[in-house]
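Take a look at the structure set out below.
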Amino acid sequence: MSGKKRNVMLFVLLFTLLLGVIVPVQAQSYGGTKIIRVAYREDADFINKSSSGVYKGYGVEYLNKISQYTGWRYEYINESWENQLADLKSGKVDLICNAQKTEAREKDYDFSCMPVGTEQAVLYTSEDNGDIYFQDYEHMNGKKVGLLRDSYQNEEFEQRQDEKNFHCPEEYYESEQDQIEALEQKKVDMILTGSISKHDSLKIVDKFGAAPMYIMTTKGNTEVISAVNNALEQLKAEVPDLTENLTEQYVMDKNRNSRPLLTREETEYIKNVSAPIKIGCIGDQPPLIYTDKETGKLDGIYIALLKKFSEISGIPFEFESLSPDTDPIEAAQSGKYDFVAGITACQEMIDEPEVHLTGGFFTREFQIVAERGEDINTLETSTVSMNSIFEKYKSLRPEGEFPYKAIYCDSPRTVLDAVVNKKADMAIMDSYAASYYLQDEKYRDLALSGIVFTKAETCMIYGDNTDPDLVSVINKSIGSLSSQDEENIIRQYSINLLKSFSIWEFMEKYRYQIVCILIFLVALTILVIVNNRHRTQMQVEAAAQEAYRCRMETDELTGLLNKEGFYQRGREFLEKHSEADARIVYINIENFKLVNDLFGEDAGDGFLKFIGLELEKIFGRIDIVSSRYEADHFVILTLDNEDRIQAKINHFCNRIRDYYLKTTVEISAGIYEIRDRSKSLRIMCDRAHLAADSIKKNHMIQVAVYDDTHRKKLIQEQMIINELDDALKEKQFNIIYSKNSPSSIGGR
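Every letter in the sequence shown is one number past the one before it in the UniProt record's numbering, and letter 285, counting from 1, is 285.
Written out as structure tokens, the structure reads:
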């Protein structure tokens, strides 16, 4: 080899080695799958490692969605914020998921093309600090604040000090834990963190800013940032509400303040309250608001929520019942009440100059109620009964043209009576009130459709005479109510409150039958009485047979159909909808045994009842057959398409996860599209079951659709089992002893 060629080869080799030293190490790969190293810090709630070693949180959910497009797997690395920035810059890690974009950072890092969320800056002090209140800038001035080194919130705090004209000496720390320890040891008076972290043992004294969070990677790491950007763009197109859903799931309730953020003036107001504030409560509509017949006191969801606000604020409330036809504006202006409750927030109320609205504290869903089996989508022109509130406040109606002829009624009963008496094709009612009144035998043929007509917030109104500090305290107390407390109150009144009738209601309901019986007893001879008894006996036997049939078809625990009932009603359903597309949905509640093991059988039964109620609420009761197929397996026969089923299963999964028993229960669902109706429902359910089993334990996917691959796989497994059985019977297996077996060694 010539000297010139040798020098060229040495130069190339040296250049290659040098390049390997200089260029940062990028994402590793294992078995063809890229391993992306994600830096996070354990004292933030964005990414959490559970005691079982499973990573959870807002950031984990987002990264898992991205991996559906990139095929990545993740290695999570826990380190301080300062080390995260240094390791990302050098290429030791690949991603930081909750970074704010600044001009300085853009010189050293690349950012995703769109944000993945937002984060506020939160200023805390110790719980026992009586010198500083919420947004108490005068008393913050001169107090020492602990900051997290290199945090974006530090810049926002500088701007906040300039805006509010106060100044704080600063101390810098490497982690939030160091900040908290400094606060506990009185080395600083306040600490500043991002809202991703929450510290319930500390007192919030300010919140400000709402900076977007981006995914950040090493400068020049085009492979990773391009894949991230491509995945985010596809997620934006295919799951446009992903950020909103994750925010609602992980951030909204966490960012609710566990106690009101009170100013110095508001705290003084509470201390000086000498008598209960008076609240006028309009309406008589169980389970929302009603007078308890045993105690004579107001009760219901509204009252329970108001009592909770009283507990949160520390201000006693006194309630007074007002008739349903009370004008709320006149009541608020009368000066008799500090607030008037039971008000549906609407634009007309907001525009009323002489009254004002508190924050909303309860969302009502107005759903369509129709006769069971009625296909409301086929009604070209419909007459709809609804509460007169929709006539008075037209802003409550959905936007767009109102395509129905409306009958306005003064009470829930008259709304439902219009449908029973064929004056209306369907009704629009608050779903909680409808669930209560539909227990009445009179409305046994009516059911909630699950179709939401509109939603409305419930609030209180008040006049100009109500103290502004009181209003502010009440609104902050409303904002501090946790979603768990709200759900517990709603569950208590909407599930446990059963409808009861007085003797007068009973006599009114059956007045014609009672009169006929009396005339019959007086007018007829003993022979007719005997004959009547015979006829009554026959009716009793028929009713018993019907009750027995219902008992045989119904699951006693959930009220849904059992397996045999499903087969019977399912056949009738398919005959009725012979031209429509139908599908079987098989739902498996995985790890349900843990509920019984951890909480007991009563809690397990309660959970199954909750599942049955949620399935009927989400899938509706019209044009559907639902059952508890066996144990913790549920089956639904529906006319919904796959997209609607997927959406409803996702909603169902979220409700199961939100249940007050926090367990590792997961959902797997299989869909079988019915093409050949000559097959039995048992076979259809088995095939949907196969699809569900194909994704069992794969908790990134909740729904699978049956195809022939599932059946072929089952047949193949059965053939192997059969061949093994035949081999055993024909003694095709031979025992071979090794020369080095213990028996041969021992024999020498």
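We put the beta carbon where it would ideally sit given N, CA and C, even for glycine.
None of the values given here were measured: they were computed from a predicted structure.
First and last residue of the uninterrupted beta strand (DSSP E) at residue i
| i | result |
| --- | --- |
| Glu-365 | 362-371 |
| residue 775 | Only positions 1 to 748 of the chain appear in the structure, and residue 775 is not among them; the question remains open. |
| Ile-289 | Premise fails: Ile-289 is in no beta strand (DSSP E) and is neither H nor E. |
| Asp-110 | 109-111 |
| Lys-447 | Reading the sequence as shown, one finds Ala at residue 447 and not Lys. First-last of the beta strand (DSSP E) with Ala-447: 446-462. |
| Ser-90 | Not the beta strand (DSSP E): Ser-90 falls in the alpha helix (DSSP H), residues 81-90. |
| Ile-66 | Unbroken run through Ile-66 is the alpha helix (DSSP H), 58-70; no beta strand (DSSP E). |
| Tyr-76 | 73-78 |
| Tyr-512 | It is not in any beta strand (DSSP E) - Tyr-512 instead sits in the alpha helix (DSSP H) that spans 511-523. |
| Lys-143 | Lys-143 -> no beta strand (DSSP E), and no H or E assigned at all. |
Span separating the alpha-carbon of residue i from that of residue j
| i | j | result |
| --- | --- | --- |
| Phe-157 | Ile-671 | 53 Å |
| Ser-483 | Asn-141 | 36 Å |
| Phe-362 | Asn-221 | 48 Å |
| Ile-279 | Phe-317 | 7 Å |
| Glu-184 | Leu-147 | 15 Å |
| Arg-551 | Val-251 | 45 Å |
| Glu-248 | Phe-208 | 20 Å |
| Lys-697 | Tyr-586 | 15 Å |
| Arg-628 | Leu-637 | 12 Å |
| Leu-88 | Asn-229 | 18 Å |
| Thr-378 | Lys-679 | 29 Å |
| Ser-201 | Arg-73 | 36 Å |
| Ala-424 | Tyr-437 | 17 Å |
| Ser-694 | Glu-238 | 24 Å |
| Met-538 | Cys-516 | 19 Å |
| Leu-63 | Glu-244 | 15 Å |
| Ile-389 | Ile-303 | 21 Å |
| Thr-458 | Gln-513 | 42 Å |
| residue 787 | Glu-354 | Summary: the structure shown does not reach residue 787, with the chain confined to residues 1 through 748, and so no result is reported for it. |
| Glu-75 | Cys-97 | 13 Å |
| Thr-554 | Leu-561 | 4 Å |
| Glu-223 | Lys-34 | 11 Å |
Limits of the alpha helix (DSSP H) - the one that residue i falls within
| i | result |
| --- | --- |
| Pro-412 | 412-420 |
| Leu-246 | 242-246 |
| Asn-222 | Looking at the sequence provided, one finds Thr at residue 222 rather than Asn. It spans 222-238 - the alpha helix (DSSP H) in which Thr-222 sits, taken as one unbroken run. |
| Ala-434 | 431-437 |
| Lys-271 | 264-271 |
| residue 750 | Examination of residue 750 is not possible in this model, given that the chain is present from 1 through 748 alone. |
| Ile-282 | Not the alpha helix (DSSP H): Ile-282 falls in the beta strand (DSSP E), residues 277-282. |
| Met-684 | 681-693 |
| Val-384 | Careful: Val-384 lies outside any alpha helix (DSSP H), inside the beta strand (DSSP E) at 383-387. |
| Asn-571 | The residue asked about is misnamed: residue 571 is Arg in this sequence, not Asn. First-last of the alpha helix (DSSP H) with Arg-571: 563-576. |
Under the three-state DSSP convention, the category residue i falls into
| i | result |
| --- | --- |
| Val-21 | Because Val-21 sits at a pLDDT of 41, beneath the cut-off of 50, its placement in the model cannot be relied upon, and the following sentence gives the value as read from the coordinates. If DSSP states are grouped into helix, strand and coil, Val-21 belongs with the helices. |
| Ala-99 | strand |
| His-356 | strand |
| Val-122 | strand |
| Arg-583 | strand |
| Ala-104 | helix |
| Met-700 | coil |
| Asp-206 | strand |
| Ile-36 | strand |
| Asp-485 | helix |
| Phe-501 | In this predicted model, Phe-501 has a pLDDT of only 48, less than 50, meaning its place in the structure is not dependable; the value taken from the coordinates is given anyway. Reduced to three states, the DSSP call for Phe-501 is coil. |
| Asp-299 | strand |
| residue 798 | The structure shown has nothing for residue 798, since the chain only spans 1 to 748. |
| Gly-747 | With a pLDDT of only 40 at Gly-747, under the threshold of 50, the placement of this residue in the model should not be trusted; the figure read from the coordinates follows. Three-state result, Gly-747: helix. |
| Tyr-706 | coil |
| Glu-590 | strand |
| Ile-132 | coil |
| Lys-293 | coil |
| Gly-117 | strand |
| Thr-218 | strand |
With three or more C-beta pairs closer than 8 Å as the rule, is the region 205-217 touching the region 109-127? By the Cβ test, the region 109-127 is in contact with the region 205-217, since at least three Cβ pairs between them sit closer than 8 Å.
As an exercise, report each continuous beta strand (DSSP E) stretch of at least 3 residues that is fully enclosed by the region 147-203, in chain order. Along the region 147-203, the beta strand (DSSP E) occurs as fully enclosed runs of 3 or more residues at 170-173, 190-194, listed in sequence order.
Which runs of the alpha helix (DSSP H) at least 4 residues long sit entirely within the region 306-359? Give them in chain order. With a minimum length of 4 residues, the continuous alpha helix (DSSP H) runs that stay inside the region 306-359 are 328-333, 347-351.
Suppose only complete runs of 3+ residues qualify. What are the beta strand (DSSP E) ranges in the region 606-667, listed by chain order? Secondary structure remark: continuous beta strand (DSSP E) runs of at least 3 residues inside the region 606-667, in chain order: 624-630, 633-638.
Would you call the region 613-627 in contact with the region 442-451, where contact means no fewer than 3 C-beta pairs closer than 8 Å? Note that the region 613-627 touches the region 442-451; at least 3 beta-carbon pairs, one per stretch, sit closer than 8 Å.
Closer than 8 Å is the cut-off here; do at least three beta carbon pairs connect the region 351-370 with the region 426-437? Touching, per the Cβ criterion.
Pairs of beta-carbons, one from the region 409-424 and one from the region 383-392, closer than 8 Å: are there three or more? Using a Cβ-Cβ distance cut-off of 8 Å, the region 409-424 and the region 383-392 are in contact, since at least three pairs of beta carbons, one from each stretch, lie closer than that value.
Does the pairing of the region 557-566 with the region 640-660 give three or more beta-carbon distances under 8 Å? Touching, no.
Could you say if the region 276-295 and the region 318-335 meet the contact criterion of at least three C-beta pairs nearer than 8 Å? Segments in contact, yes.
Three or more C-beta pairs closer than 8 Å, one from the region 259-274 and one from the region 122-142: is that the case here? By the Cβ criterion, the region 259-274 is in contact with the region 122-142, since at least three pairs of Cβ atoms, one from each stretch, lie closer than 8 Å.
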